[in-house]
Structures are given as C-alpha cells and as structure tokens.
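Chains as they are written, first to last, in our numbering: chain A, 22 to 338; chain B, 920 to 1187; chain C, 9 to 300.
To keep things clear, I will list the structure first and then write my remarks on it.
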Amino acid sequence: MLEISNLTTHYFQGGQVATAVRGASLTLKKGLATAIVGESGSGKSTVAMSVMRMIRPPIGDIAEGTIRVNGTDVTAASPKQVREILRTSIGFVPQDPTTALDPLYTIRSQIVEAMPHVERDKRTETMVELLTSLGIADARDRLREHPHQFSGGMRQRVAIAIALAKEPDLLIADEPTTALDVTTQIGILRLLDRLRRERHLTTMFITHDIRVARLVCQDLAVMYGGVVVESGPLSAVVDAPSHPYTRALLDASSLDVGPRQRLRAISGSPPTLLAMPPGCPFAPRCPNATDICHREMPATTAKADGTSFACWNPVAS
Amino acid sequence: MSDEYILEAVNVSKSFHGRRGATTQALTGVDFGVAAGEMVGLVGESGSGKTTLTRILLGIEQPTSGTVRFRGTPRDRFTAEHRRDYFNSVSAVFQNPYSSLNPRRRLWDIITERRSIERRAPKAERRARAIELLELVSLPAEFADRFPHQLSGGQRQRVAIARGLCEEPDVIVLDEPMSALDVSVSAQIANLLLDLQEKFSIGYIFVAHDMHMVRHLCHRVAVLLKGQIVEQGAVADVLGDPRHEYTRRLVAASELRSLEPEEERVRP
Amino acid sequence: MSSALASTPRIRPGLRLRRRPGRRPWFSGTVMAIFAFCGLFGSVVAPHDPDKVNLSQSLKPPVFAGGTATYLLGTDQLGRDVLSRLLTGAQVSFLVAAGAVLIGGAIGMLVALLAGYTGGRLDAVLTRVADASMAFPVVLLAIVIVAIYGKGVTVVIAVLVVAAWPQYARVLRSEVIRIRTQEFVTMSRVMGGGRFWAITRHVVPNTIPTLLVLATLQIGLAIIAEGSLSFLGIGVPPPAASWGNMLADGRNFLATAWWLPVVPGVALSLTVLAANLFGDWLRQALDPATRR
C-alpha cells in the first residue's frame, strides 16, 4: 500500500542543511497498522510529512528516494497529482485537535470540505453516520456546533471524522493521543483500531511511546537520528530486539524494576540534526559501539522472523 | 498526622469568577500535604484542579477559603522571616523546559535567580554555586555560560531542577516534569529525582498523568476529580485496590495490555 | 496545498544559503550612521548658511548635472545651498524621529506593562484610551495644537507621540500578556520575586525584539510624518530647513529644477529604508538564539 524506499529528507535551517531522515525504507501493508516509534528528532514525523509532500523548499526537500502510495511515486508526481492523492487517498489525524480545527467554522463545514465526492443531498446523512460511528452522540445537532463546544477527546474524534470523510486508503496519525487525558486516550486508540479492522484502513501510527504502539499496531519501525534502525512485525521486534537502541528503548519504558528502583535509562542525549555523526546515529550512546559504528552506517540485515535491523554489533538473542 | 507535613493545604477551596458573574469551583475542601523525604503523586484529568492546587501551595494563587501551612504556620501569619524561609525551602520544576527558562539569560544566572532576587550574593559566588548545581544534575560546568536554546529538552529540564535545588529546598513541586520529554530522557530524569531525594531527603509533590511513573516513584498518591480529592493514600492501596470509580478507570487505562474492541466506551 | 512553492525545482542543498549568520549591516549601518551624524552636527558641517538668500545664484543644478563644486547639490529658487539645507534639515528629522520614538515608545511600553501585567479594569480602561487616541485624526490634532501653541519642532514631536504611543501600547500589551504567562515568569514568583522583579528581569527584556521592530518602523513613519506636516504647512515653520519643507517648496520646480524635490525625497527614502533594515538586523543580533 505504502512503500518508502531509501528516503532522505533535508530541512534548510538558517543556511545549514539538517538531515532529518537518512535513507529510510519502510513498507506499510494493506489493512495493518504500522507504528513509527522514535524520540523527538528521530525523523518519525518527517517521514509522514514527506509522504504527504508537505516538505518543500524553502523549508526543506526530499533529496533522495521514492515514496509509492498505491503505486504512484509521490516524489516524482506533479503538484496536481499530489493534491489528488491527498484529496482521495490519505487521511491525516493531527497531534493536537485544539489547533487542528478552525474555531471560526462549524464542524459540518469543516467535514464537508473533505467530502466533495459525495452528492450534495447525501452529505448530511453521510456525516451523521460517520460521526455516530466515531462515538459522537446526537451527531445531527452537533454538526452545527463550533469546535470550542467539544471536549478534547470529542475534538479528536471530529478530526478523525475529517480524515475519514474522504474514505482514504491510508490514515496517518501523528501522536493522536498525546494531548489527551489517560482515560480519553484509550477510547481514541480503540476507535482507531476498530476503524482499521472495519475499513481495512492502512494506518501509520507515529508515537514516542512504545507502550501505546503495542496496543494498536501490528508492525513496528523504530527510528533514531533519521534512520530506521529496526523494523518488522511488532511482536517479533519487541520479543527479540536486535538493535541496541530498540533494546534500550524497551528497557527505559519498562518500569518493572520494582518501586523506586533506578530505571535503565539511556545515557546521553539524542543527536542534533545539524551535527549528525557519519556512522550509526546511536553509536555515541550505544553500549555495543565499536570503531566502525562511528565511521560507517551499517547495512540492513533481514532476520528469519521477518524483522530487519541496521547494526554492526546487534544484541545477542 | 498533619504535624509531619512541611507544606500542606488545609481544607482549601478555590473559586474563580468568570466574566458574566459565573463562578467556577476549581477546588472544594482539599486536604493535601507532603512530608520530608516523601514523594506524593497528584493525579487527575485536565481541569481537575491539579494546577490550581499546586499554584496555591506555591503561593501564586490565594485560596478562597482554607489555609496553606508551611512548617505548621498558616501563610496569613507569616513574618518576614517565615517568608524568606518559605521561598528558600519551597521550590518547583515545571512541565515545559522550553518555556520555564528565560531565553535571554545565561544558565548560571537562571539557576541562581533566587539569590539575585534576595540581592545577597555577588556574581562570582552565584556562578560558583551554579557550577556546583550543574554538577549535581550531571551537566558539565561549561554549561554555566550558555543560553537555554543551546540545550536539548532533557538538559533544560536538568537546568530547571538545578534551579529548584539552589537553596537546598525541603519541598519541590514537580508539575509534570517528564511529560514534555522523550522516554529515554524521562527515565534519566526519574533516576535523578530519586537520587536527589535520597541525598537531601526532599519532599516531592509529583503532578503527573503517567500512572506508571506515579506507581514507580511515589509513596503516596491523591486522586483529584472535579476539584475534590476522591481518594488519597499509599500507592499500593490506592492503585492496587481503587475504591473510587474514577480511580478504577484510571488504573484500568494504564494497565491495558490489549484493546478489546467490544468494551469501547463513549463518554459525552 | 502549496502549489506556488511546488513549482520550485529541486535544488541541491547548500545553494540557497541566504541570510548567513553574522552578516554585517553595511548598507543600513552606514546610512544610519550618516543620518545620526548629520542629525547631530548637520549645521556644523554645512558648507553654506542654509538660510542665506542669494538670488543671483538661484536654481543652480547639482554638480553631477552640470553644476559647480561650490554648490554640490545645487541651489533652490532663492539661491540657498541645497546640501546645507539637507544637512540642517536632517537635524529636524533626527530630532523628530528620536523624540517621537523615544517618548512614544516609553509611554507605549509603560501603558503596555500596566495594562498587560495588571489586567482587569485598569487594562480595560487603558485599552479604551489607546483605541480612542488611535481613532483621533493626526492632521486635525496637529491643526488644533498649532492653533493653540503655534508651529515648532516640539509641536510636531508632541503630535507624533500622541499618534504613535497607542500603536506601541497595543502590540506590546499582547506581548506582555504572552510573556507573563510563560513558566519562567511564574517560576520567578515561586522564588519570591515580586511584580517589579518579574517585569524588569523577565518581561521587559523579552519584549525588546518587538519594541525594536516597532521603533524602527516608527522612525520611518516619524520622518515621513514630519515631512507631510511641514509639507501641509503645519509642521516646522519656514524658512527653517526641514526635509518636508524642502519637498513642499520644491514640488513647484519639478519640471525646471528636478533636484529640489528629488534630493530631499531620496534622502528621506534612503533613511527610512535603512532604519527598517537596521532594526531587522538589530533584532536578530540581540537574540541569543541567532547570535553566535
């Protein structure tokens, strides 16, 4: 459904070039949810923005690679083709529903914008059906309301409705629950999971929290410093991680060390995009790092369990 | 019991007056305190009054009724001596390390701001203290002359903690100190907070939405719902055997291992 | 989507390196320095008496248009040296610009701090006052003040201050409100810092970039406004030289002696442009995040 190969994306910052994504390859299978997990600056959001071709000069540019959405390479497509793909095939759920909805317009007019293909007299019915299926009660009345009349969780449901109104094949959700309360989060996660199953929706789920990813995703790609360090079926990666970063991330997020015991934190801080080492981006913080790690980027190795990783000195399993 | 508390809110209520005479009740009859060397979690959804309560404890807001006591003395009976002691001993670390450091000041100046408010220390002494504090939070001494924008989020949060430690406080209010940080960095900060607590026996008030962290770090926890504390006690009791419906939901949400679609609940 | 941007061809990184950090403001800095120098010492360095009438030497062209070196920028219809008048006029422009910007900025800042930091009723009252002064027509105000006190540079400055302070106040007020709610201000209160501390250490320094942008815009506006008021005859009284007076006098000679309106016009435009560019640079130079 979505095939990203060897993607490299730059940002132009005050005359300097920051490489946010470096040779990332990733395949999203139809009807499955793939988590892209990484810390800030790992390039996870940049991958999503690249897919939607949102990164263009003077902000930045795709320097290399192809991104195929349903077979069409969006990096080579004309702006018109890209707009067409965005209008019909890709739905986007933003991180913060408060800023994603325009406070000046009713919910109805914001959803209508995304459904030009539906006949005029059927639009209201379609919207009511959609909102109801997303768990918004009294949808017919609420269509006339403005975003400020909705709670955070409900706003995120409206944002999802806008993303789904075009009946997309691919749903990109960028940290869709981070801004919400814990109890509200679960509802949104359940909703996204149900939508994926009912509509065979391919989902790209961007998150920094591997625990959230485990709840909704089947596949996993772990990014660090702009590189996909490990990817594959989520359970396989989580059960037997090969990349030291994946291992360290799982350790850091697991609080099973006993109350008030020290967590297995990763020392150091993530690399800045402007001063990226030539070799593996994780090398400066990696316990397994050797000379070659600092000098050269490792190639991707495929394992029998369907996962693959990019590391010179993988974790022994 | 309340004798042990260094800082406590006693029967605190707070209401805000809206524009058109409407009154919102932010807190109702809250009793909450922290003792030396103790970490108390404060959990609840947004709008539950967590922030208002911490602002009242920090003296930024005045309660509508009830009192805040510091070492047993109600705040309205503070003498100048009490006030100084209070401002030296009660400190805070806020959620967003990007907005909690003045972008136009150097780090040594930020870290020792309290001393400059008191006008009691020359610059050289403040710098030396800042370097000591940077070391304490595992940052290199040469950071003293840098500006906040030169640091990563995790490093900034360490600076904010260093500032909180400047006068060797007895209580630090931690307002979601990890929620703006990455997983690997927030684990570092959690470890740092534990180290500092063991070293200086500071009392922490830990406002959080991550129930895992609360369970991991805190001795006690208070659950705030619509301005009232619905449950308060030892972490093992409250989170292990929640009495209140809301606490149960909170615990269930954090313990979820898989999504069972049939259970999807919709709250209006 | 961004179709305008999309048509940009793929470019190799490293090619569009505009805005190198550390770039020096050569053009704007030089022009501002010259302006400030003339503003302070214009009448001292002037080669001739700017007000001396010499009808036998009237309407001489500038040296680059066939004139003589005695009158580098030519003479006007009364035979007065244009260069000397330009230099002396710069003093008026400088005084007006500096006065209007400093006083207007100070009042605006003060009001912004009172309104934005205190909030509540005081905020509402001050905002209304600012709105009301903004609604008052500047030219009418000038006429009223001139009718009462007569013409003069002080009157021009006063008029411009009245016109300008609400603009500072309104923009700075929202800045003050934004900064006041930043966590580092809250933190200063947690540490026992009072209102005065928060304002002087945190709020004011962080409004400086905005103040600078406003001030440089206002320098330009003040110079233009002085010109306009003098042009209308309610500014600096003739025969005193000011760029506005020179423009006003020169407009009748556009066909026969083009340099009379063009010389002060160019001086005015260059100064205004330089003020804006210089302010832009200053704002960046003072920001720790872009300084290196």
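Ideal placement from N, C-alpha and C gives every residue a C-beta, glycine not left out.
- The three-state reading of DSSP puts PHE144 of chain C in coil, since its state is none of H, G, I, E or B.
- Here THR76 of chain C carries a coil assignment [DSSP, helix/strand/coil].
- With fewer than 16 neighbouring CB atoms inside 10 Å of its own CB, TRP34 of chain C falls in the exposed class.
- Considering only beta carbons, no part of the region 117-143 of chain C lies closer than 8 Å to chain B.
- Classified as buried, ASN1015 of chain B has 16 or more neighbouring CB atoms from the shown chains inside 10 Å of its CB.
- In this chain, the beta strand (DSSP E) harbouring PRO254 of chain A covers 248-254.
- Interface with chain B (8 Å Cβ-Cβ cutoff): GLY287 of chain C is excluded.
- Per DSSP, HIS1001 of chain B is one residue of the alpha helix (DSSP H) stretching across 999-1008.
- In terms of beta-carbon proximity, PHE997 of chain B stays away from the interface with chain C, with every pair separated by 8 Å or more.
- Look at PRO1016 of chain B here: in three-state DSSP terms it is coil, with no helix or strand label.
- ILE193 of chain A counts as buried, since no fewer than 16 other beta carbons sit within 10 angstroms of its beta carbon.
- Under the three-state reduction of DSSP, LYS933 of chain B is assigned to strand.
- Among the residues facing chain C, ARG1023 of chain B is included, as its CB has a counterpart in that chain under 8 Å away.
- Look at HIS1131 of chain B here: in three-state DSSP terms it is helix.
- Between the region 42-53 of chain A and the region 1074-1089 of chain B, the count of Cβ pairs shorter than 8 Å is below three; the stretches do not touch.
- Apart from sequence neighbours up to five positions away, the residues of its chain that approach ILE231 of chain A with a beta-carbon distance below 7 Å are VAL58, LEU270, LEU271, SER274, ordered along the chain.
- Around the C-beta of HIS229 of chain A, 16 or more other C-beta atoms lie within 10 Å, and the residue is accordingly described as buried.
- Cα atoms of GLY128 of chain C and PHE303 of chain A: separation of roughly 52 Å, rounded to the nearest angstrom.
- Sequence-distant Cβ neighbours of ALA41 of chain C in its own chain, meaning closer than 6 Å and more than five residues away, do not exist here.
- If you look at THR40 of chain A, you'll find it isn't in any alpha helix (DSSP H); it sits in the beta strand (DSSP E) that goes 37-49.
- DSSP, reduced to helix, strand and coil, places ALA84 of chain A within a strand of the structure shown.
- From the beta-carbon of PHE989 of chain B, no residue of chain C is found nearer than 9 Å; the closest lies around 13 Å away.
- Chain B places a beta carbon closer than 8 Å to that of LEU210 of chain A, counting this residue as a contact.
- For the pair LEU1053 of chain B and ALA1043 of chain B, the CB atoms are not nearer than the 8 Å cut-off.
- Closer than 8 Å at the C-beta level to chain B, one finds these residues of the region 264-277 of chain A: ALA269, LEU270, ALA273, SER274, LEU276.
- One finds ILE207, LEU236 in chain A with Cβ atoms closer than 8 Å to the Cβ of LEU1175 of chain B, taken in chain order.
- Using a Cβ-Cβ cut-off of 7 Å, ALA945 of chain B is close to nothing in chain C; its nearest Cβ partner there is about 17 Å away.
- A residue is called buried once 16 or more other Cβ atoms fall within 10 Å of its Cβ, and LEU148 of chain C, having fewer, is exposed.
- Listed along chain B, the residues sitting closer than 7 Å to LEU284 of chain A by beta-carbon distance are ALA1106, ALA1109, ASN1110.
- Scanning chain B for C-beta atoms nearer than 7 Å to the C-beta of ARG197 of chain C yields ILE979, reported in chain order.
- Following the DSSP letters along the chain, one finds MET73 of chain A in no alpha helix (DSSP H), marked with neither H nor E.
- Counting along the chain, the unbroken beta strand (DSSP E) around THR942 of chain B starts and ends at 942-954.
- In its chain, beyond the 5 residues on either side, ASP195, ILE227 have a beta carbon closer than 7 Å to the beta carbon of SER66 of chain A.
- Burial state of ASN930 of chain B is exposed, judged by a 10 Å Cβ sphere holding fewer than 16 other Cβ atoms.
- The beta-carbon separation of ILE181 of chain A and LEU155 of chain A, rounded to 6 Å, stays under the 8 Å limit for a contact.
- For ALA1011 of chain B, no chain A residue has a C-beta closer than 9 Å to its own C-beta; the minimum C-beta separation is roughly 22 Å.
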